Every structure is written in structure tokens, then in C-alpha cells.
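Chemist:
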Amino acid sequence: MEVNIVINKSAGLLSIILGLIFIIFPMFSAGMVSFIVGLSLLFFGISAAFMGINMRNNINNTYPTITIIIGIIAIIFGFLFLFYIDALSFLTGVQFYLVGFIMIIFGITGLVSKMSRVSTFTSILVLIMGIIAIALAAFAMSQPIYIAIIIGIVLIIEGIAMLLSD
């Protein structure tokens, strides 16, 4: 039981330190995340492509071809994250865009269905939240510094929670 407490406290302290680094050096932090994601995708892509090539000799279905295609796409994104795209803002933006579009579709669907007044009201709220999510996506992609600072704040809050937990 004490080992878990020590691990939890250590993780909390590490989370606070990382949070402070993200807040104090937001551009460095965003760049480091982009670098790590880029390298990971690059190595994954190379591995997947070679695995697909090796499987082509043994398996005669579409799985090896799909594996090769996924590997090539991962290699391309790996290079993009290493040299061009800020991974942190890109991934956050894509996530907000996806959630926003889904919320807008649900909101419109709810308005068209006209089930009840409550349903109409909630559909309007979901539609508004979808529009806000898309606005946040555009913001996240254009302002990676603020996303890094927000992540830093969340890391500090989580770290404090881990330190205070039993």
C-alpha cells in the first residue's frame, strides 16, 4: 500500500513540474510534444511499412496492403510533425473540429425531429456548443502557446490532486 502512495506522490510531483515547464516555456513544450509525436509516428510508420512488406510474401489478402498504406501515412505525418506542423495545436484542433461537427449534426437533427420543447431547447444548446467547439478548434490551431499553457495548468491541478490524495 505504501508503494502505491509513493508512486502516486511521485507522479503528482512530476505532473506539477511538467505543468510548470508547459507554463513557463509554452513554445518549447509545444515543440517538444510535436517532436515526440513526430518521431513516434515516423518509427511506427517505418515499422508498419516493413511489416506489411514482409506479410505480403506470406498472406494473400488486403491486410498487408492496408498495413503498408497506414505505414506510409504515418511516415508522412511523422515528417510533418517533425518539420512543419505543431502537433499539440493540430491534434487539439482536429479533436475540437470533430466534436464540434458531431454536436452540430446532433443539434440540427434534434431541431428537425421536433420531439418536445425540452428536446428543441437541448438541441439548440448542443448546436451552440458545436459552434463554440469549432471556434475553439480554430483558436487551438492558430494559438499553440495558449493550449500549452492550458495543458500546464491542468497538469498542475492533477499533480496537486495526486499529492493531496491518500
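Numbering (the working numbering), first residue to last: 48 to 213. Beta carbons are placed, not taken as given, at the ideal position from N, Cα and C, and that holds for glycine. Owing to the predicted nature of the structure, the values given are computational and were not obtained by experimental measurement.
1. Would you check if there are 3 or more beta carbon pairs closer than 8 Å linking the region 144-154 to the region 176-187?
2. Of the residues Phe72, Ile117, Ile68, which one's Cα is nearest the Cα of Gly92?
3. Which residue marks the beginning of the alpha helix (DSSP H) containing Thr109, and which one marks its end?
4. Using beta-carbon positions only, say whether Ser62 and Leu202 come within less than 7 Å of one another.
5. For the region 112-129 and the region 166-176, state whether three or more C-beta atom pairs, one from each stretch, are separated by less than 8 Å.
6. Buried or exposed, going by whether 16 or more other CB atoms sit within 10 Å of the CB of Ser189?
7. Using a Cβ distance threshold of 8 Å, determine whether the region 77-87 contacts the region 190-199, with at least three qualifying pairs required.
8. Near Ile70, what residues of its chain come up, given a Cβ to Cβ distance below 6 Å and the 5 sequence neighbours on each side ignored?
9. Using the Cα positions of Tyr110 and Phe90, report the straight-line distance between them to the nearest angstrom.
10. Compare the C-beta of Leu210 against all C-beta atoms of chain B and say whether one is closer than 7 Å.
Modeler: To lay it out plainly:
1. yes
2. The residue labelled residue 92 in the question sits at position 45 within the sequence shown. With distances taken between Cα atoms, Gly92 lies closest to Ile117.
3. Within the sequence shown, the letter at position 62 stands for residue 109. Taken as a continuous stretch (DSSP letters only), Thr109 belongs to no alpha helix (DSSP H), as it is neither H nor E.
4. Numbered from its first residue, the sequence shown carries residue 62 at position 15. Numbered from its first residue, the sequence shown carries residue 202 at position 155. Yes.
5. no
6. Along the sequence shown, read from residue 1 onward, the residue named residue 189 stands at position 142. It is exposed - the Cβ of Ser189 has fewer than 16 other Cβ atoms within 10 Å.
7. yes
8. In the sequence shown, residue 70 corresponds to position 23, counting from 1. Excluding residues within five positions, the ones whose Cβ falls inside 6 Å are Ile196, Gly199.
9. Position 63 of the sequence shown, counting from 1, holds the residue named residue 110. Position 43 of the sequence shown, counting from 1, holds the residue named residue 90. Taking the straight line joining both Cα atoms gives about 20 Å.
10. Checking the listed chains, one finds no chain B in this structure; it contains a single protein chain.
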